Structure formats: structure tokens, C-alpha cells
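Numbering-wise, the sequence shown is residues 12 to 350 according to the numbering used here. Here's the structure we're looking at; comments come further down.
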Amino acid sequence: LETIFGFLPLNHDVIRLRHVCSDWEDSLKQACIPSEFEVFSLYEFMLMETMTTALPNLQHLTILGLPEREERFGGRGHIYADGDHPHEGLVDETADCTTHDIGIITNFQHLRSLAIIEAPLNGRYPAIFNFPLLEKLTINDSFDEVAGYHSWNLAWLEGLPMLRELECRLNHAMFGNLSSLRALKDTLEKVVISGCRHVHGSNFMDLADFPRLKVLDLRSTDVYGDIRNIGANDFKALEELFLPRTVYGGSRYEFQSIAEVSVFMSQIYPLTKRFSLSMSWRLSEESPDWYDDPNEVDGERDRKEYQIPPPFVCTNGGGNYLGEPELAGDGDATSPMRT
Numbered sequence: 012l013e014t015i016f017g018f019l020p021l022n023h024d025v026i027r028l029r030h031v032c033s034d035w036e037d038s039l040k041q042a043c044i045p046s047e048f049e050v051f052s053l054y055e056f057m058l059m060e061t062m063t064t065a066l067p068n069l070q071h072l073t074i075l076g077l078p079e080r081e082e083r084f085g086g087r088g089h090i091y092a093d094g095d096h097p098h099e100g101l102v103d104e105t106a107d108c109t110t111h112d113i114g115i116i117t118n119f120q121h122l123r124s125l126a127i128i129e130a131p132l133n134g135r136y137p138a139i140f141n142f143p144l145l146e147k148l149t150i151n152d153s154f155d156e157v158a159g160y161h162s163w164n165l166a167w168l169e170g171l172p173m174l175r176e177l178e179c180r181l182n183h184a185m186f187g188n189l190s191s192l193r194a195l196k197d198t199l200e201k202v203v204i205s206g207c208r209h210v211h212g213s214n215f216m217d218l219a220d221f222p223r224l225k226v227l228d229l230r231s232t233d234v235y236g237d238i239r240n241i242g243a244n245d246f247k248a249l250e251e252l253f254l255p256r257t258v259y260g261g262s263r264y265e266f267q268s269i270a271e272v273s274v275f276m277s278q279i280y281p282l283t284k285r286f287s288l289s290m291s292w293r294l295s296e297e298s299p300d301w302y303d304d305p306n307e308v309d310g311e312r313d314r315k316e317y318q319i320p321p322p323f324v325c326t327n328g329g330g331n332y333l334g335e336p337e338l339a340g341d342g343d344a345t346s347p348m349r350t
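The structure is reproduced here in C-alpha cells:
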């Protein structure tokens, strides 16, 4: 029965099967459910509450928002209960809402993947970082920094010893040091921490000896380092690399001269043979290599708009083409890597 139940779709009808007899109820509790369950309304949340005891072996869960108003449930706002140290402004705004405990998901101790997508959480919820079998964690917030305030520390990931994939985007209240990921050195294969400005004080090279790491994306964070420091024995399994502008040679990094770019591209050319470098660069507005655009009249525009950089081409020893600047609409020079 456990195997059969594992192939059934996750809905209210499946949960009602536990009422057939005690054997069916016990089989449902033992069944491993491979289907993903999504919570995107109050109805699904109430269903999930029942599942914590009826189907505790759920393996894939996605938590979305709760509708601001549910007329059939009284017409009041429904939110997830505040965690520790909530944002006081959000507490005041939702004071008249009905709260629901997101902490109940900790009953699913067999979870393999957990996604929290733009869920209006407020505060810290350390308990939800304690899943011994979890392999994939996704926490994506919205562009609106005041829509939610899910505050959490990278160090809490040590409670996920089997984690292989980590994806965090626009986590405005997430904080911590990249070196905290060393607790997961032997398992991590994908790390995406993008748009998380409070991740700082870390050198991306702290992850250089991760034997399974295939994808590393740290765009729009404040980690530092120098891409030229990547040696032959670093990032051995890496396939894709995205670094922020705070790293020398990271995406949108600003070079001071064309000559500097030529030397830089010659230095990193060996890396392009090992993994994908999907990054672009700019020539600093303070560079002396800018010159006046003859099509513009002096004084009509500021320097950024009426000056352009000289063209250049970078080659390796064999004369292979590597890259050249491209003019963006605002006059900036960017130089995407091409091989």
C-alpha cells in the first residue's frame, strides 16, 4: 500500500483515504510521497496542516504567499506568524491579520527539497533550517524590501548536512559570512546567492576547494577577491562562475584603462577553457582612455554621455579572439567574454 499511495496525486482526496481503515492510515504515514506540494492559499495551508500527521514523509514542498483577503474564511488578512526579532513596522501593519504557524513544516523530516518563494515572512525562523535529508533549498524574496523581512544566517545551513543545491535571491535580510558554507564542503554542487547585500566580509576563494561545486553565482553581493587568484587546483568541478563587481574581474567590474583589460584577459584566458565565465566589464568613467565623440557638441551633454572609449581587441598567443568592448545605451563600455 505504501508504494501505491506514493504514486497518487497530493490532494484532499488522498488524505481522506486515512479514514478507510487503520491499515490505510498507517500506510499513508509510511508512504514516501515524491510529488511536490505547493502552498499558495489558505486552503493549501490548512491541507498541509493535516498532512503533517497524515503524510509526514512528504519529500518536496514549496511555500508561497497567503492571499491578503480570503472572503470565505472571514474576509480578514491571513499571514504567517512572526518569527524572532521581527521588523516592527511590518508587525504594526499586520496587527489585525489572522496568523498561521509556518513552523509546522518541521514535521516533514523526510523533505528532499524546500522552496520558500516570496512568502511574507517577518523575522527569524531558525527551526526551518533543520532537515537532515534536505538536498535542495530555495529562498527567493521579492524586489520590494518591505514586502517581507525573512532574516536568517548562512551559518544555520549547518542543520542541512545533505544539502547539494542552495539558491537564494533578493534575500534583503539574510546575513552571514560565505565561509559558513564550509560546513557543507563535501556536498554542495550549486550555490546561488544573488542580490543578497548583507553577505559580505567573505572571499569567494573560501569555496575554492569544494570538490563537487559546479555552479557558483554570487552576483550583487559584497564578497571580495581576485579572479586571477584561481589556480589549477581550485574549483576543480566548476562549470559556471558568476562574480560580483566587488571582486577584481567580477561582472560589471570597472577597469581604469584599456591596457589593464588587455593584460587581465590574457591572464584569465586559461580559465575560459575550464568553465563558463558569463560576466561583463566596464571602463571606469575616470579612465583617461575616454575621448570625445565627434558627433556630439561640447557642452550639450555630460562626460558619461558624450565620451566613448577606444576600441580594442584582446588575443592570446595563438591570435584567438577573446573580446571587445560594446557600447551600452548610456555610453558605458562593457566587455563580455567570448571564446
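Backbone N, C-alpha and C fix where the C-beta goes; we use that ideal spot for every residue, glycine too. All values derive from a computational prediction rather than experimental measurement.
- Rounded to whole angstroms, the gap between the alpha carbons of Phe275 and Thr64 is 58 Å.
- A Cβ-Cβ contact shorter than 9 Å links Asn133 with His98.
- Just so you know, the alpha carbons of Pro281 and Arg239 end up roughly 10 Å apart.
- The criterion of a C-beta distance shorter than 9 Å is satisfied by Ser213 and Ser190.
- Taking all protein chains in view, the Cβ of His161 is crowded by 16 or more other Cβ atoms within 10 Å, so the residue is classified as buried.
- In this structure Asn68 is buried. Its beta-carbon is surrounded by 16 or more other beta-carbon atoms within 10 angstroms.
- Between the C-alpha atoms of Tyr91 and Ala248 there is a straight-line separation of about 40 Å.
- Taking 9 Å as the cut-off, the Cβ atoms of Arg193 and Asp228 do not count as close.
- The beta-bridge partner set that DSSP reports for Ile90 consists of Thr110.
- Excluding the 5 residues flanking it on each side, Ser205 has same chain C-beta neighbours closer than 6 Å at Arg180, Asp228, Arg230 and Ser231, in chain order.
- The C-alpha of Glu265 is placed about 28 Å away from the C-alpha of Ser153.
- The C-alpha of Leu75 is placed about 10 Å away from the C-alpha of Asn151.
- Taking 8 Å as the upper bound for CB-CB distance, Leu72 and Phe48 are in contact here, some 6 Å apart.
- Just so you know, the alpha carbons of Val210 and His121 end up roughly 29 Å apart.
- Scanning Lys284, Gly236, Lys147 and Arg175 for the CA closest to the CA of Leu125 turns up Lys147.
- DSSP places Asp228 in the uninterrupted beta strand (DSSP E) bounded by Val226 to Asp228.
- For Ala65, the enclosing alpha helix (DSSP H) has its first and last residue at Leu53 to Ala65.
- Under the DSSP definition of a beta bridge, His161 partners with Gly134.
- Cβ-Cβ distances below 8 Å link Leu168 to Phe140, Leu148, Leu174, Leu177, Ser191, Leu192, Ala194 and Leu195 in the same chain, with the five nearest sequence neighbours on each side left out; the list follows chain order.
- If you keep only unbroken alpha helix (DSSP H) runs of at least 4 residues inside the region 161-225, you get nothing at all.
- When the beta-carbon positions are compared, Asp245 and Pro222 stay at least 9 Å from each other.
- Runs of the alpha helix (DSSP H) lying entirely within the region 235-283, each at least 4 residues long, are 269-283 in chain order.
- Residue pairing by DSSP places Ile116 in no beta bridge whatsoever.
- About 11 Å separates the beta carbons of Val202 and Val234, which is beyond the 8 Å limit, so they are not a contact pair.
- Around the beta-carbon of Gly261, 16 or more other beta-carbon atoms lie within 10 Å, marking it buried.
- With a contact defined as Cβ atoms closer than 8 Å, Leu58 and His89 miss out at about 14 Å.
- Annotation: Gly242 to Glu129 spans about 38 Å, alpha carbon to alpha carbon.
- Beta-bridge analysis with DSSP links Asn151 to Ile128 and Arg180.
- Between Asp37 and the set Pro45, Phe51 and Leu66, the nearest pair of CA atoms involves Leu66.
- Distances from the CA of Cys207 to each of Arg256, Phe215 and Met185 were compared; the closest alpha carbon is that of Met185.
- Around the Cβ of Gly100, a 10 Å sphere holds fewer than 16 other Cβ atoms; the residue is exposed.
- Cβ atoms of Ser287 and Glu250 come within 8 Å of each other, at about 6 Å.
- For a cut-off of 8 Å, the C-beta gap from Tyr136 to Ile115 is around 11 Å, too long to register as a contact.
- Under the 10 Å beta carbon count, His183 is surrounded by 16 or more other beta carbons and is classified as buried.
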